[in-house]
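Engineer: In our numbering, the protein residues as written are 253 to 462.
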Ligand code: GAR
């Protein structure tokens, strides 16, 4: 059984999708052991408490250097015996040292079809604002492994979502969550925990285990 840490900063609807999947028995060989928030007021913390999942708050600005923050987060995760880190709406960029130490063991969900509308500065509603400003007809979500390049790690899964007439960033965000993020993320986490994912450079293969 793999212990999962979910890192959050805000509303936590992706965390909720993971909790719901776990309660429905859809996270094979994994359990959410810890929720870490970068924001003490995040509603995600209440969702974790309701599901009796231990929580911690760790803010980057409470540490003088990236390495002090990285060491504190790393120590917390190791203390809990974590085998997979999931970034579910986590708005702090992880220090390079942590990305290297946890290579291919950190999964992020991003609300666009990478490599569109991603990288530094593209997070949350801003991603959907950029997609609408460009006038794309199709957007979506991506679940990927985290590397030192922001939104640059190997892609695990993607799902396209249509942009519709009259969409606002909020409406589009909700549709992308409902039709893509809340489906892709629990599936990818389950695949990881069940040992179905293998990374070959930029390509992630999904194989059924015997
Ligand atoms: C989600 O749309 C997630 O994909 C996005 O923030 C939102 C968090 O919502 N993440 C990023 O933009 C990361 N670059 P949630 O707190 O309700 O899960």
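Note that CB positions come from ideal geometry on N, CA and C, so glycine has one too.
1. Would you say residue 354 reaches chain D, if we count a Cβ-Cβ gap shorter than 7 angstroms as a contact?
2. On the three-state DSSP scale, how would you describe residue 284?
3. How big is the Cα-Cα spacing for residue 317 and residue 346?
4. Closest by CA to residue 254, which one among 344, 272 and 283?
5. From the DSSP secondary-structure annotation, give me the bridge partner or partners of residue 414.
6. For residue 414, count neighbouring Cβ atoms within 10 angstroms of its own Cβ and tell me buried if that reaches 16, exposed if not.
7. For residue 294, collect the residues of the same chain with a Cβ closer than 7 angstroms to its Cβ; drop the 5 residues on either side in sequence, then sort them by chain order.
8. Does the distance between the C-beta of residue 367 and the nearest non-hydrogen atom of ligand 1 fall short of 6 angstroms?
9. Does the structure place the segment 323-336 close enough to the segment 373-390 that three or more beta carbon pairs sit under 8 angstroms?
10. Buried or exposed for residue 377, please, with buried defined as at least 16 other CB atoms from any protein chain shown within 10 angstroms of its CB.
11. Looking only at its own chain, which residues have a Cβ that is under 6 angstroms from the Cβ of residue 403, when we skip the five neighbours before and after it?
12. Report all residues from its chain with a CB closer than 7 angstroms to the CB of residue 433; omit the five preceding and five following residues, and keep chain order.
13. Just verifying my parser: in three-state terms, what is the DSSP assignment at residue 311?
14. Check this for me: beta carbons of residue 288 and residue 305, under 7 angstroms apart or not?
15. Using 8 angstroms for Cβ pairs, my map puts residue 441 next to residue 279. What's the rounded Cβ distance?
16. Look at the Cβ atom of residue 256, then the Cβ atom of residue 303, and state whether they are nearer than 7 angstroms.
17. Between which two residues does the beta strand (DSSP E) harbouring residue 450 extend?
18. Between the beta-carbon of residue 437 and the beta-carbon of residue 398, is there less than 7 angstroms?
19. Pick from 418, 430 and 408: whose alpha carbon is nearest that of residue 453?
Structural biologist: So, from the data block:
1. Annotation note: the requested chain D is absent from the structure, which comprises a single protein chain.
2. strand
3. 12 angstroms
4. 283
5. 390
6. Classified as exposed, residue 414 has fewer than 16 neighbouring CB atoms from the shown chains inside 10 Å of its CB.
7. Within the same chain, residue 294 has close Cβ partners 260, 261, 262 and 264.
8. no
9. no
10. exposed
11. 362, 366, 370 and 371
12. 266, 361, 363 and 393
13. coil
14. no
15. Taking a contact as a CB-CB distance under 8 angstroms, the pair residue 441 and residue 279 counts as one, their CB atoms being some 6 angstroms apart.
16. no
17. 449-452
18. no
19. Residue 453 has its Cα closest to that of 408, out of 418, 430 and 408.
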